[in-house]
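A.B. asks: Structure below; questions to follow.
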Amino acid sequence: MNDLDPIVDAARQAFAAASSPADLENAKAQFTGKAGRITELMKGLAALSVEEKKSRGAAINVAKQAIEAALAARRQALAEAELEQQLHAEALDVTLPGRAREPGGLHPVTLTMERIELIFASMGFDVADGPEIESDWHSFTSLNNPPNHPARSMQDTFYVDIQGEDGIHYNLRPHTSPMQVRYAHQHIKKFADAVKAGQPLPEIRVIAPGRTYRVDSDATHSPMFHQCEGLWLGENVSFKDLKVVFTDFCRTFFESDDLALRFRPSFFPFTEPSAEIDIQFQSGPLAGKWLEVAGSGQVHPAVVRNMGLDPEKYIGFAFGMGPDRLTMLRYGVNDLRLFFEGDVRFLRQFR
Ligand code: PHE
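Position in the sequence shown (first residue = 1) + 10 = the working numbering.
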């Protein structure tokens, strides 16, 4: 036992007591740092003779090496402990079941829209799309519903801060009926060409599904809702054809021949005569009740004229139905608002 052994022991104890890498570096400074005990002893060598320097220096070096070895061992032990702790903290249980992403699905109203398009396409109808922000002329005036006409209050809608050429604000279309005139205008060249060539007049047979808006909100009305317009114009298209087409559509849509239709006299500025279309299921939970599903009528001559067509040559019918309502009836949903709340627990059921 020499005077250096207690220093080595003290270093070992200090290193063992250090519980973190930072503590360990502090402890090291006390022994081999700039003002550490070993460093101080080295400085003291200067005062010794050459012979003494040799033996004392060698002894100090042995002590220093022992301290450095202890330091290295403790560093490694602390690093391993830290890694161990980290691995423990970040442990993964690979046997846990995974969090699968559920497959998505189409919205019930989208399913209805697709169904409507498919059925009418099979009857030779084109499918058209149009703007939801409409001019006053397209939403009302072209449909024989001029400014200040009382019938405008049936379709109170929202207005946007943009004025049309007529100085009247654009509106969020309150129905899909503007598509009647838009579609005719888009295809007007076909009619002109046919007349020029002396060919039979081409027909218009189209549906226009899409979003519509009104100032309305309760269990059966939403400020945003859906409509699907239908239009069939030709040289000899009559109310009888409307009855056949719409009856056929309803029976196909609801997959039931056990379905009665009623055309109840009504008023729209753009049709004359006009009718609400009611349906009645003969069986099931809704049996016996008359349920309104569409407005309809023979297209008014003034509207045909606004399409750029000759009302003496073109006659036919239009209808506007509510796909939201059809979806409620088909699936037995009793509150329209459920469709637009985005609750996956509701939507999942239609997947
Ligand atoms: N546009 C009418 C409505 O929204 C429905 C309708 C369309 C009526 C076509 C007749 C002809 O109530």
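Note that CB positions come from ideal geometry on N, CA and C, so glycine has one too.
Is the distance from the Cβ of H179 to the Cβ of V191 below 8 angstroms?
C.D. replies: Against the sequence shown, residue 179 aligns to sequence position 169. Against the sequence shown, residue 191 aligns to sequence position 181. No, these two residues do not count as a Cβ contact at 8 angstroms.
A.B. asks: Run through DSSP, which three-state label would Q209 get?
C.D. replies: Working through the sequence shown from its first residue, we reach residue 209 at position 199. Q209 falls in the coil class under three-state DSSP.
A.B. asks: At the level of alpha carbons, what is the spacing between N181 and F264?
C.D. replies: Stepping through the sequence shown from its first residue, residue 181 is reached at position 171. Stepping through the sequence shown from its first residue, residue 264 is reached at position 254. Cα to Cα, N181 sits roughly 34 angstroms from F264.
A.B. asks: Out of S232, V247 and R85, which has the shortest C-alpha to C-alpha gap to A24?
C.D. replies: Within the sequence shown, numbered from 1, the residue matching residue 24 stands at position 14. Ranking the options by Cα distance to A24, first place goes to R85.
A.B. asks: List the whole-angstrom C-beta distance separating I287 from F329, where the pair is believed to meet the contact cut-off of C-beta under 8 angstroms.
C.D. replies: Counting from one through the sequence shown, the residue named residue 287 turns up at place 277. Counting from one through the sequence shown, the residue named residue 329 turns up at place 319. The beta-carbon distance between I287 and F329, rounded to whole angstroms, is 7 angstroms. This is short enough to meet the 8 angstroms contact definition.
A.B. asks: Just confirm the distance between the C-beta atoms of L211 and F327, as a whole number of angstroms; I'd bet it's less than 8 angstroms.
C.D. replies: Within the sequence shown, residue 211 is the residue found at index 201, counting from 1. Within the sequence shown, residue 327 is the residue found at index 317, counting from 1. So it is not a contact: roughly 17 angstroms between Cβ atoms.
A.B. asks: Can at least three beta-carbon pairs, one atom from the region 217 to 224 and one from the region 297 to 312, be found at a separation below 8 angstroms?
C.D. replies: no
A.B. asks: How big is the Cα-Cα spacing for F201 and P279?
C.D. replies: Numbered from its first residue, the sequence shown carries residue 201 at position 191. Numbered from its first residue, the sequence shown carries residue 279 at position 269. Answer to the nearest angstrom: the Cα atoms are 25 angstroms apart.
A.B. asks: Considering only their Cβ atoms, is the gap separating F277 from S266 smaller than 8 angstroms?
C.D. replies: By 1-based counting over the sequence shown, the position of residue 266 is 256. By 1-based counting over the sequence shown, the position of residue 277 is 267. Contact: no.
A.B. asks: Do you know whose CA, among D268, E213 and H231, lies nearest N246's CA?
C.D. replies: Working through the sequence shown from its first residue, we reach residue 246 at position 236. That would be E213, whose Cα lies nearest to the Cα of N246.
A.B. asks: Based on Cα-Cα distance, which residue from A45, A26, P333 and R361 lies nearest to H185?
C.D. replies: Translated into the one-based positions of the sequence shown, residue 185 becomes position 175. Sorting A45, A26, P333 and R361 by C-alpha distance to the C-alpha of H185 places P333 at the top.
A.B. asks: Quick one: what's got a C-beta closer than 7 angstroms to A80's C-beta in the same chain, skipping five residues either side?
C.D. replies: Here residue 80 is taken as the residue at index 70 of the sequence shown, counted from 1. Hits under 7 angstroms: A21, R22 and F25.
A.B. asks: Does the beta carbon of F235 fall short of 7 angstroms from some heavy atom of the ligand PHE?
C.D. replies: Here residue 235 refers to the residue found at position 225 of the sequence shown. Checking the Cβ of F235 against the ligand PHE gives no.
A.B. asks: Going by beta carbon distance, what residues of the same chain come within less than 7 angstroms of D226, once the five residues before and after it are set aside?
C.D. replies: Sequence index remark: in the sequence shown, residue 226 carries index 216 (1-based). Same-chain partners within the cutoff: P233.
A.B. asks: Does the separation of the CB atoms of L243 and I325 fall below 8 angstroms?
C.D. replies: Position 233 of the sequence shown holds residue 243. Position 315 of the sequence shown holds residue 325. For L243 and I325, yes; Cβs fall inside 8 angstroms.
A.B. asks: Give the secondary structure of G326 by DSSP, where H, G and I count as helix, E and B as strand, and everything else as coil.
C.D. replies: Numbered from 1 along the sequence shown, position 316 holds the residue referred to as residue 326. If DSSP states are grouped into helix, strand and coil, G326 belongs with the strands.
A.B. asks: Give me the residue from P31, V104 and S152 with the minimum Cα distance to L93.
C.D. replies: Residue numbering aside, residue 93 sits at position 83 when the sequence shown is read from its first letter. Checked all of P31, V104 and S152; the closest Cα to L93 is P31.
A.B. asks: Using the beta-carbon count (16 or more within 10 Å), is E351 buried or exposed?
C.D. replies: Taking the sequence shown and counting its residues from 1, the one referred to as residue 351 is at position 341. The residue is exposed, with fewer than 16 neighbouring Cβ atoms inside 10 Å.
A.B. asks: Hey, is E239 close to the ligand NAP, as in C-beta under 7 angstroms from one of its heavy atoms?
C.D. replies: Although the ligand NAP was asked about, the structure shown includes only the ligand PHE as ligands.
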